[in-house]
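J.:
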Amino acid sequence: MMKKLTENQIATIKKILIIQYKPFGDILLNTAYLPALRKRFPDAEINFLVQKPYKTLLEDNPILDNLVLMEKKKGFAQYIERIKVIKLVRKSGYDLIIDELRGTGSAQITLFSGAKFRLGWKLKRWNWVYNLQEPRENIRYYGLLKFDSLKPLGIEAEIADTYYKIKEKSQEKIDKWLKEVGLEKKRYIVVSPGTPVLVKQWSLDSYAIVCDRIQRELRIPVVMMWGPGEMKDVDYIMSKMKTKPVVALPTTFNEAAAMLYRSKMFFGNDGGINHVAIAENVPSLAIFGPHSNPKKWQAWHKEQHVYLRNWDCKDKYDRTLGITPEFAFKQFKKLLGVI
7 MMKKLTENQI
17 ATIKKILIIQ
27 YKPFGDILLN
37 TAYLPALRKR
47 FPDAEINFLV
57 QKPYKTLLED
67 NPILDNLVLM
77 EKKKGFAQYI
87 ERIKVIKLVR
97 KSGYDLIIDE
107 LRGTGSAQIT
117 LFSGAKFRLG
127 WKLKRWNWVY
137 NLQEPRENIR
147 YYGLLKFDSL
157 KPLGIEAEIA
167 DTYYKIKEKS
177 QEKIDKWLKE
187 VGLEKKRYIV
197 VSPGTPVLVK
207 QWSLDSYAIV
217 CDRIQRELRI
227 PVVMMWGPGE
237 MKDVDYIMSK
247 MKTKPVVALP
257 TTFNEAAAML
267 YRSKMFFGND
277 GGINHVAIAE
287 NVPSLAIFGP
297 HSNPKKWQAW
307 HKEQHVYLRN
317 WDCKDKYDRT
327 LGITPEFAFK
337 QFKKLLGVI
C-alpha cells in the first residue's frame with residue numbers, strides 16, 4: 007500500500023472517478039473539495055458515479071466532466087445493476103478511483119474497476135481493496151473532513167463551501183410565486199418540518215409553537231416547505247397554530263433551493279434541505295436527534311449555521327428530541343441577531 011503518490015505518479019492520472027452514489031447529503035458534501043481536486047488535476051477527466059434520483063445535485067457542477075448514472079434498485083435487482091456498473095466502469099479505463107462511500111457495493115465497484123490507484127477511507131472492512139488509504143480522524147463537518155481522504159493525492163484541507171447550482175427557470179418560478187403571495191426577498195423564514203427519517207423529526211407540536219412565536223412576536227412570515235408525503239405534517243402544524251403560515255407551492259428540489267436562496271433563514275430538521283441551505287449560504291438552525299452527530303452534519307464552523315442537540319436525550323421515541331420550543335425559539339432569536 008502506498009501512503010502518498012509521487013509527482014510522477016500524479017502526472018500519469020488522466021481519468022478519475024469519484025464514487026458516492028448515495029445518500030443525498032453525502033453527495034452534496036463532496037462538492038466542497040471538487041475545486042481543489044481540479045486544481046491538482048487540471049487536465050484530467052473527472053467523473054462522478056451517482057444514482058439517478060440524485061443527479062440534480064451534480065448535473066450543473068462546472069468541475070465535473072461527466073456523471074456516471076446508476077439506477078436505484080433493491081433486492082436482487084440491486085446486484086444486477088451493480089454488475090452493469092462494474093462493467094461500465096472497467097470499460098471506461100479509469101486511472102484513479104476515489105471511493106467516498108466505502109460500502110460493500112462501492113468497494114466491489116472499486117475492486118473490479120481496473121484502476122491502478124484506488125483511494126478510500128481506512129475503515130474496518132474492505133481495506134485490502136485500496137492501495138491509497140487515509141484514516142477517518144479529527145471528526146468535524148463532513149464538507150471539510152472529506153478533504154482528509156485526498157491527502158494521499160497531495161491535497162490538504164482548506165475552508166471551502168459546498169456547491170449546488172440553482173437553475174434560472176427555477177429562480178424565475180419562485181420569484182413569480184413570491185410576488186403572487188406578497189413575500190419579500192430575505193424577509194421570510196423557510197421551515198421544513200417533514201422528513202422521511204422519523205427519528206430525525208422534531209415534535210410537530212413544538213414546530214407549531216415556534217412558528218407562531220416567529221410570526222406573532224417577530225412579525226416575520228413563515229413559509230412551510232414540504233416534500234412528497236409531507237403535506238400531512240404541514241396540515242397538522244397549521245391546525246395547532248394561532249397564526250397562519252404561508253404554505254409553499256409544490257417544488258422540485260432545485261425550486262426548493264431557489265426558495266431557500268431568497269429566504270432570510272432556514273429552520274428545520276437535520277437532513278437534505280439543511281445541506282442545501284448551507285450550499286446556498288442561507289443561515290440555518292437545524293435540530294438534531296440522538297442518532298445524528300451535528301458536528302459532522304452541520305457547518306458549525308460558520309456562525310450563521312447553528313445546531314440544536316440535547317446530548318442527554320437517548321430515547322429515539324421521544325419526538326421532542328429533548329429540545330423544548332422555548333429553547334428553540336431563544337436560539338432562533340439569537341441567530342437572527344447575528345445574521
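Everything in the sequence shown is counted per our numbering, starting at 7 for the first residue and increasing by one.
Yeah, the Cβ is synthetic: ideal placement off N, Cα and C, and Gly gets one too.
1. Please confirm whether Gln139 and Trp127 have their CB atoms less than 8 angstroms apart.
2. To the nearest angstrom, how far is it from the Cα of Asn275 to the Cα of Asn72?
3. Check whether the segment 293–304 touches the segment 216–228, counting contact only when three or more Cβ pairs, one atom from each stretch, lie closer than 8 angstroms.
4. Where DSSP assigns a beta bridge to Asp105, which residues make up the other side?
5. Terminal residues of the continuous alpha helix (DSSP H) containing His297?
6. Under 8 angstroms between the Cβ atoms of Ala263 and Tyr194?
7. Do the segment 22–32 and the segment 52–65 meet, that is, are 3 or more Cβ pairs less than 8 angstroms apart?
8. Just to check my reading of the structure: Ala214 and Met230 have Cβ atoms closer than 8 angstroms, yes? What is that Cβ distance to the nearest angstrom?
9. At the level of alpha carbons, what is the spacing between Val312 and Leu266?
10. Quick one: what's Val196 bridged to in DSSP?
11. Only counting the same chain, and skipping five residues up and downstream in sequence, which positions put a Cβ closer than 8 angstroms to that of Thr116?
12. Just to confirm the assignment: which complete alpha helix (DSSP H) runs, minimum length 4, are found wholly within the segment 67–102?
13. Within 10 angstroms of the Cβ of Ala292, are there 16 or more other Cβ atoms? Answer buried if so, exposed if not.
14. Quick check on Pro141: does DSSP put it in helix, strand or coil?
15. Does DSSP classify Leu184 as helix, strand or coil?
16. May I have the straight-line CA-CA distance separating Lys191 from Ile345, to the nearest angstrom?
17. Confirm, please, whether the CB-CB distance from Leu23 to Val95 is below 8 angstroms.
18. Just to confirm, does Ala163 get its C-beta within under 7 angstroms of one of the non-hydrogen atoms of the ligand HEM?
T.: Working from what's here:
1. Residue mapping note: residue 139 aligns to position 133 of the sequence shown, counting from 1. Residue mapping note: residue 127 aligns to position 121 of the sequence shown, counting from 1. Result yes, Cβ atoms of Gln139 and Trp127 sit closer than 8 angstroms.
2. Stepping through the sequence shown from its first residue, residue 275 is reached at position 269. Stepping through the sequence shown from its first residue, residue 72 is reached at position 66. So the two alpha carbons sit approximately 32 angstroms from each other.
3. No contact exists between the segment 293–304 and the segment 216–228.
4. Taking the first residue of the sequence shown as 1, we reach residue 105 at position 99. According to DSSP, Asp105 bridges with Ile25, Gly126.
5. Along the sequence shown, one-based indexing puts residue 297 at 291. That residue, His297, is in no alpha helix (DSSP H); it is neither H nor E in DSSP.
6. For the purposes of this step, residue 263 is taken as the residue at position 257 of the sequence shown. For the purposes of this step, residue 194 is taken as the residue at position 188 of the sequence shown. Between Ala263 and Tyr194, the C-beta spacing is not below 8 angstroms.
7. Counting Cβ pairs under 8 angstroms, three or more are found: they touch.
8. Within the sequence shown, residue 214 is the residue found at index 208, counting from 1. Within the sequence shown, residue 230 is the residue found at index 224, counting from 1. Actually they are not in contact, since the Cβ atoms of Ala214 and Met230 sit about 11 angstroms apart, beyond 8 angstroms.
9. Indexing the sequence shown from 1 puts residue 312 at position 306. Indexing the sequence shown from 1 puts residue 266 at position 260. As the crow flies, the alpha-carbon of Val312 is around 16 angstroms from that of Leu266.
10. The residue you call residue 196 lines up with position 190 of the sequence shown. Val229, Phe272, per the DSSP bridge assignment.
11. In the sequence shown, residue 116 corresponds to position 110, counting from 1. Residues of the same chain with a CB within less than 8 angstroms of the CB of Thr116, apart from the 5 flanking positions on each side, are Ile25, Ile103, Asp105, Arg124, Gly126, Val135, Tyr136 in chain order.
12. Complete alpha helix (DSSP H) runs here, min 4: 82–98.
13. For the purposes of this step, residue 292 is identified with residue 286 of the sequence shown, where counting begins at 1. Classification for Ala292: buried.
14. Numbered from its first residue, the sequence shown carries residue 141 at position 135. Note: Pro141 maps to strand in three-state DSSP.
15. For the purposes of this step, residue 184 is taken as residue 178 along the sequence shown, with counting starting at 1. Here Leu184 carries a helix assignment [DSSP, helix/strand/coil].
16. Counting from one through the sequence shown, the residue named residue 191 turns up at place 185. Counting from one through the sequence shown, the residue named residue 345 turns up at place 339. Their backbone Cα atoms lie some 15 angstroms apart in a straight line.
17. Start at 1 with the first residue of the sequence shown, and residue 95 comes out as number 89. Start at 1 with the first residue of the sequence shown, and residue 23 comes out as number 17. Closer than 8 angstroms, so yes.
18. Judged by which ligands are present, the structure shown has none, so any question about the ligand HEM falls away.
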